[in-house]
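Reviewing the structure listed below.
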Amino acid sequence: MNFTPPIPMVQWVVLGGFCSEDGRATIIMPHPERVIRKQQHSWCPPEWEEDGPWLQIFYNAREWIG
């Protein structure tokens, strides 16, 4: 895995996501697949419908794939 810019040698690094160089594998934190419905949130505003805001990530990915 390559980092741009290069990360200097440190004892710990905080990273929120990774993507393979060819773009076929993506790993992200937090886990949006765990809270795609509004019922899975501890609180939500009244204007949210059935879907939570994290589900948009998957809608966007599906649209990009075609």
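At position 66 of the sequence shown the residue is numbered 112 (the working numbering), and the sequence of numbers has no breaks.
Where is the CB? At the ideal position from N, CA and C, for every residue including glycine.
Opposite residue i in the DSSP bridges: which residues?
i, result
"I73", "F64"
"R83", "D97"
May I ask which residues mark the beginning and end of the alpha helix (DSSP H) holding residue i?
i, result
"V102", "At residue 102 the sequence reads Gln, which differs from the Val that was named. 101-111 is the extent of the alpha helix (DSSP H) around Q102."
Keeping to the same chain, check which residues put their C-beta closer than 7 Å to that of residue i; ignore five residues upstream and five downstream.
i, result
"W100", "P78, V81, I82"
"M75", "G62, G63"
Please work out which residues of its chain come closer than 6 Å, Cβ to Cβ, to residue i, disregarding the five sequence neighbours upstream and downstream, and give them in chain order.
i, result
"C90", "K84"
Fill in: the segment 70-85 in contact with the segment 100-108 per 3-pair CB rule at 8 Å
yes
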